[in-house]
Amino acid sequence: MNHSLPKNRSLFDRAIVVPALKAALLKLNPRLQVRNPVMFVVFIGAIFTTGLWIQALLGSGETSANFSLAIAGWLWLTLLFANFAEAMAEGRGKAQADTLRQSRRDVQAVKLSGPQYSSSQTIVAASALRKGDYILVSAGETIAGDGDVIEGVAAVDESAITGESAPVIRESGGDRSAVTGGTRVLSDWLIVQITANPGETFLDRMIAMVEGAKRQKTPNEIALNILLTALTIIFLMATATLLPFSIYSVEAVKALDSSSQALPITVTALVALLVCLIPTTIGGLLSAIGIAGMDRMIQANVIAMSGRAVEAAGDVDVLLLDKTGTITLGNRQATNFMPAAGVDINEFADAAQLASLADETPEGRSIVLLANQRYNIAERQANQLEAEFVAFTAQTRMSGINIAGRQIRKGAVDAIERYVQTQQGNLPSDVRANVETIARAGGTPLVVADGKRVLGVIQLKDIVKGGMKERFGELRRMGIKTVMITGDNPLTAAAIAAEAGVDDFLAEATPEAKLSLIREYQAGGRLVAMTGDGTNDAPALAQADVAVAMNTGTNAAKEAGNMVDLDSNPTKLIEVVKIGKQLLMTRGALTTFSIANDIAKYFAIIPAAFASTYPVLNQLNIMGLASPESAIISAVIFNALIIVFLIPLALRGVRYRAVAAAQALRSNLLIYGLGGLIVPFIGIKLIDLLLVALGLA
Numbered sequence: 001m002n003h004s005l006p007k008n009r010s011l012f013d014r015a016i017v018v019p020a021l022k023a024a025l026l027k028l029n030p031r032l033q034v035r036n037p038v039m040f041v042v043f044i045g046a047i048f049t050t051g052l053w054i055q056a057l058l059g060s061g062e063t064s065a066n067f068s069l070a071i072a073g074w075l076w077l078t079l080l081f082a083n084f085a086e087a088m089a090e091g092r093g094k095a096q097a098d099t100l101r102q103s104r105r106d107v108q109a110v111k112l113s114g115p116q117y118s119s120s121q122t123i124v125a126a127s128a129l130r131k132g133d134y135i136l137v138s139a140g141e142t143i144a145g146d147g148d149v150i151e152g153v154a155a156v157d158e159s160a161i162t163g164e165s166a167p168v169i170r171e172s173g174g175d176r177s178a179v180t181g182g183t184r185v186l187s188d189w190l191i192v193q194i195t196a197n198p199g200e201t202f203l204d205r206m207i208a209m210v211e212g213a214k215r216q217k218t219p220n221e222i223a224l225n226i227l228l229t230a231l232t233i234i235f236l237m238a239t240a241t242l243l244p245f246s247i248y249s250v251e252a253v254k255a256l257d258s259s260s261q262a263l264p265i266t267v268t269a270l271v272a273l274l275v276c277l278i279p280t281t282i283g284g285l286l287s288a289i290g291i292a293g294m295d296r297m298i299q300a301n302v303i304a305m306s307g308r309a310v311e312a313a314g315d316v317d318v319l320l321l322d323k324t325g326t327i328t329l330g331n332r333q334a335t336n337f338m339p340a341a342g343v344d345i346n347e348f349a350d351a352a353q354l355a356s357l358a359d360e361t362p363e364g365r366s367i368v369l370l371a372n373q374r375y376n377i378a379e380r381q382a383n384q385l386e387a388e389f390v391a392f393t394a395q396t397r398m399s400g401i402n403i404a405g406r407q408i409r410k411g412a413v414d415a416i417e418r419y420v421q422t423q424q425g426n427l428p429s430d431v432r433a434n435v436e437t438i439a440r441a442g443g444t445p446l447v448v449a450d451g452k453r454v455l456g457v458i459q460l461k462d463i464v465k466g467g468m469k470e471r472f473g474e475l476r477r478m479g480i481k482t483v484m485i486t487g488d489n490p491l492t493a494a495a496i497a498a499e500a501g502v503d504d505f506l507a508e509a510t511p512e513a514k515l516s517l518i519r520e521y522q523a524g525g526r527l528v529a530m531t532g533d534g535t536n537d538a539p540a541l542a543q544a545d546v547a548v549a550m551n552t553g554t555n556a557a558k559e560a561g562n563m564v565d566l567d568s569n570p571t572k573l574i575e576v577v578k579i580g581k582q583l584l585m586t587r588g589a590l591t592t593f594s595i596a597n598d599i600a601k602y603f604a605i606i607p608a609a610f611a612s613t614y615p616v617l618n619q620l621n622i623m624g625l626a627s628p629e630s631a632i633i634s635a636v637i638f639n640a641l642i643i644v645f646l647i648p649l650a651l652r653g654v655r656y657r658a659v660a661a662a663q664a665l666r667s668n669l670l671i672y673g674l675g676g677l678i679v680p681f682i683g684i685k686l687i688d689l690l691l692v693a694l695g696l697a
């Protein structure tokens, strides 16, 4: 059964909405409300106005019971709507966590013990395994815990974690030795050394993060909370001074005119004024925005180990990208045969194909195919030839065939040069020139020789993925610098970098060089993102501000990174950055809307609250609201309902476009700043008309 993370879940899925409604009520707990200073003020205001309503029912209230009830009721609804937004965001994560839990079972494991883990086998529960234990997992069995493969090679079904149905190969050594608890071995067997205790496994951490159990406020959230709290305190102090000022003003007016009907502002109206002026919209949605950002990462099959990592992704301005598999397809293909002077092209193509018949690499197969398609050299079957095939080794760096007295070799330039020299031959100058031409063009040269006679050069090219140049142009418009990391020589790296459209490159890259480059950018005040999958990538991943480890990589890489891509797709880094930027834009847009919103509500509340004291303020009633009570109630209702209308935007995020920061700021100010000023005028007026039509005002 596939228990992968669910994608494209409906925003208002019944399975999420119903629990969220219950959670919204439970979140009225004062110990939870106090965590959000803005909404805590609303909470206190709701309690206070409820008390004033009870007082009015007893006949000693300052206002009518209906007015106090309307204000108190809508303040409670404001809290419930804000709680519902947060519960909706959390509910989506919890639903995904429940899906993941289905893939976690306390399976039985074959524990190995004794010298070199070979003396005895014991059947134990997965929960009894500890870090450092060894287990044997055979075909058809579930891997009981996270670990590294010590011996064996097997096909493993990781669909329970990644959602990808195709099995992957796991083997000892290299960068594909890590296995995850809950995945299943499909063939052969593995001996695995456990690397995590129960409760500390990758699956446990995934569940904790998608559920939001360990989500902490990010630095930007903390800074914004401080700003919102400061604004709330300022408005609270300003509102608190209005009551004595209003009482003094009424007494002063009556001292001059004893027939005056002026009345001081009511406490209920002051509470309504305070709630409408403090930034309740962003205060109620702030937590939901952060949780939803992590949720969008999960939908992209990326597990962020902290909210800070998602936020940092939005601030990144340097991307380090591996060439192979990220910028290029990763499989070099033969694109051209360049014979040496005096060598017939068909003779060269035939020799190149013979040397590649037993080469099952993508490069080798492409050489056979090119000879067949371009020069009509019939493909021969290696097992039908009376020949001796010479396998490629790291020492010789060449391969080939011994057939009919001929010794044909194919390999790196320096390796073939040494080979022909042992045969009393030399590398012709025209072949050397062709090698340099291929390298400058971003290709890889392979030289073919028959004994001491050099036949020519095969041009291999690592094909740049389609659309990469446009994507890098898009990143450039966002103000992000792209740097290609490759082990190629500088000439080849420069050619591929130019073709792909990256801004810079690091050639002949070593782990130390990557680490040094990241530190150099960070010293200049830049935020750096990179991907990696191997143990040798771990130092650079640990240093990077945003480090996306591949799920197929080693445990060391996953421990060093602050995100894990379950799809193991290196190009996902670009999508991660976009999601991070969308999070920051959403938070900024709704903050702008909230503050502009408060300014507009000022024109509804202030004239209504002080009209009896200062009739001249009626001139500010530019909306033509029916009565002071109707104006105040309409503003409070709008203040509550706008949170509901903005929940989809908070959860889905503001639509992201690849533009410069200055242009994005201008657009947000125009749409959400101006919109925040205009919408309340329209909304409050419509609510006022509805109240009048229903006879409630």
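Take 1 as the starting number for the sequence shown in UniProt numbering and just add one per residue. Every residue gets a Cβ at the ideal spot worked out from N, C-alpha and C, and that includes glycine.
Rounded to the nearest angstrom, how far is the Cβ of T78 from that of I643, given a contact under 8 Å? Within the sequence shown, the letter at position 78 stands for residue 78. Within the sequence shown, the letter at position 643 stands for residue 643. Taking the Cβ atoms as the reference, T78 lies roughly 7 Å from I643, within the contact range of under 8 Å.
With which residues is K111 paired in a DSSP beta bridge? Looking up residue 111 in the sequence shown gives position 111. K111 is bridged by DSSP to T122 and I135.
Give every residue of the same chain whose Cβ lies closer than 7 Å to the Cβ of F84, excluding the five residues on either side of it in the sequence, and list them in chain order. The sequence position of residue 84 within the sequence shown is 84, counting from 1. A20, L21 and A24, listed in sequence order.
What does DSSP give as the partner residues of A494 in its beta bridges? Mapped onto the sequence shown, residue 494 falls at position 494. DSSP, once it has assigned bridges, lists no residue as partnering A494.
Residue burial classification, P570 (beta-carbon count within 10 angstroms, cutoff 16): The count along the sequence shown starts at 1 and reaches residue 570 at position 570. Buried is the call here.
Report, in whole angstroms, the separation of the C-beta atoms of L583 and V318, which I expect to be a contact under 8 Å. Looking up residue 583 in the sequence shown gives position 583. Looking up residue 318 in the sequence shown gives position 318. With a Cβ gap of about 19 Å, L583 and V318 do not count as contacting.
Just the Cα atoms here: how many angstroms apart are A300 and I574? Here residue 300 refers to the residue found at position 300 when the sequence shown is read from its first residue. Here residue 574 refers to the residue found at position 574 when the sequence shown is read from its first residue. Taking the straight line from one Cα to the other gives about 11 Å.
Who does N402 pair with in a DSSP beta bridge? For this step, residue 402 is matched to residue 402 along the sequence shown. According to DSSP, which records beta bridges pairwise, N402 is partnered with E388 and Q407.
When DSSP labels each residue in this structure, what does E151 get in the three-state scheme? For the purposes of this step, residue 151 is taken as residue 151 along the sequence shown, with counting starting at 1. E151 falls in the strand class under three-state DSSP.
What separation, rounded to the nearest whole angstrom, lies between the Cα atoms of V420 and T437? As a working mapping, residue 420 is identified with position 420 in the sequence shown. As a working mapping, residue 437 is identified with position 437 in the sequence shown. Inter-residue distance for V420 and T437 is about 22 Å (C-alpha atoms, whole angstroms).
Which partner residues does N336 have in the DSSP bridge list? Along the sequence shown, one-based indexing puts residue 336 at 336. In the DSSP output, where bridge partners are listed per residue, N336 has Q459.
Nearest-angstrom Cα separation, counted from M297 out to K581: Position 581 of the sequence shown, counted from the first residue, corresponds to residue 581. Position 297 of the sequence shown, counted from the first residue, corresponds to residue 297. Taking the straight line joining both Cα atoms gives about 12 Å.
Proximity of A507 and G487 at Cβ, strictly below 9 Å: For the purposes of this step, residue 507 is taken as residue 507 along the sequence shown, with counting starting at 1. For the purposes of this step, residue 487 is taken as residue 487 along the sequence shown, with counting starting at 1. Yes, they are a contact pair.
R184 - DSSP class collapsed to helix/strand/coil: Mapped onto the sequence shown, residue 184 falls at position 184. Of the three classes helix, strand and coil, the one that applies to R184 here is strand, per DSSP.
Pick from L274, S260 and D430 that is closest to L242, judged by C-alpha positions: In the sequence shown, the residue the question calls residue 242 occupies position 242. Out of L274, S260 and D430, L274 has the C-alpha closest to the C-alpha of L242.
Chain-order list of residues whose beta-carbon lies under 6 Å from that of V185 (same chain, five-residue window excluded): Working through the sequence shown from its first residue, we reach residue 185 at position 185. These residues qualify, in order along the chain: V137, A139, E141, A154 and V156.
Decide if A560 is buried, meaning its Cβ has at least 16 other Cβ atoms within 10 Å, or exposed. Residue 560 sits at position 560 when you count from the first residue of the sequence shown. A560 is buried by the Cβ-count criterion.
Could you name the residues that DSSP lists as bridge partners for G532? Reading the sequence shown from its first residue, position 532 is the one you call residue 532. Answer by DSSP bridge pairing, in chain order: A549.
Check whether the region 514 to 534 touches the region 333 to 350, taking contact to mean three or more Cβ pairs, one atom from each stretch, closer than 8 Å. no
So, is M237 buried or exposed, given that buried needs 16 or more other C-beta atoms within 10 angstroms? Here residue 237 corresponds to residue number 237 of the sequence shown, with the count starting at 1. M237 is exposed by the Cβ-count criterion.
Straight-line CA distance for K323 to V413? Position 323 of the sequence shown holds residue 323. Position 413 of the sequence shown holds residue 413. Approximately 22 Å, taken between the alpha carbons.
Assess, as a yes-or-no matter, whether the region 461 to 471 is touched by the region 497 to 516 under the definition of 3 or more beta carbon pairs within less than 8 Å. yes
From the DSSP secondary-structure annotation, give me the bridge partner or partners of Q193. The residue labelled residue 193 in the question sits at position 193 within the sequence shown. Partner(s): Y134 and D148.
Out of curiosity, what's the CA-to-CA distance linking S64 and I54? As a first step, residue 64 is located in the sequence shown; it is residue number 64 there, counting from the start. As a first step, residue 54 is located in the sequence shown; it is residue number 54 there, counting from the start. One C-alpha to the other measures close to 11 Å.
Unbroken stretches of the beta strand (DSSP E), 3 residues or longer, contained in the region 300 to 358: 302 to 304, 318 to 322 and 333 to 339
Cβ shell of R31 (< 6 Å), same chain only, five flanking positions each side left out: Counting from one through the sequence shown, the residue named residue 31 turns up at place 31. There are no such residues.
Whole angstroms are fine: how far does the CA of V124 sit from the CA of M1? Translated into the one-based positions of the sequence shown, residue 1 becomes position 1. Translated into the one-based positions of the sequence shown, residue 124 becomes position 124. Per-residue confidence for M1 stands at a pLDDT of 37, beneath the threshold of 50, marking its modelled position as unreliable; no derived number is given.
For V156, the residue or residues it bridges with in DSSP: The residue you call residue 156 lines up with position 156 of the sequence shown. V168 and V185.
Give the range of the beta strand (DSSP E) segment to which P445 is assigned. Here residue 445 refers to the residue found at position 445 of the sequence shown. Residues T444 to D450.
Sorted by chain position, which residues of the same chain lie with C-beta nearer than 7 Å to A213's C-beta, five sequence neighbours on each side aside? Position 213 of the sequence shown, counting from 1, holds the residue named residue 213. For A213, the predicted structure reports a pLDDT of 44, less than 50, and the residue's modelled location is therefore unreliable. The matter cannot be settled from this model.
If we ignore side chains and look at the alpha-carbon of each, how far apart do I16 and S287 end up? Taking the sequence shown and counting its residues from 1, the one referred to as residue 16 is at position 16. Taking the sequence shown and counting its residues from 1, the one referred to as residue 287 is at position 287. Taking the CA atoms as reference points, I16 sits about 17 Å from S287.
Would you mind stating whether C276 and V636 have Cβ atoms separated by less than 9 Å? Here the question's residue 276 lines up with position 276 in the sequence shown. Here the question's residue 636 lines up with position 636 in the sequence shown. Against a cut-off of 9 Å, the Cβ pair of V636 and C276 comes out as a contact.
Name the residue from L190, G290, P279 and A269 whose alpha carbon lies nearest to the alpha carbon of I632. One-based indexing of the sequence shown puts residue 632 at position 632. Looking at the Cα atoms, A269 is the closest of the given residues.
First through last residue of the alpha helix (DSSP H) which encompasses T437: Taking the sequence shown and counting its residues from 1, one reaches residue 437 at position 437. Run containing T437: S429 to R440, per the alpha helix (DSSP H) assignment.
Cβ contact (3+ pairs, closer than 8 Å) linking the region 416 to 434 and the region 332 to 341: Inter-segment contact for the region 416 to 434 and the region 332 to 341 is present: three or more beta-carbon pairs are separated by less than 8 Å.
Quick one: Cα of L263 to Cα of E629, how far? Working through the sequence shown from its first residue, we reach residue 263 at position 263. Working through the sequence shown from its first residue, we reach residue 629 at position 629. When only Cα atoms are considered, L263 and E629 end up about 14 Å apart.
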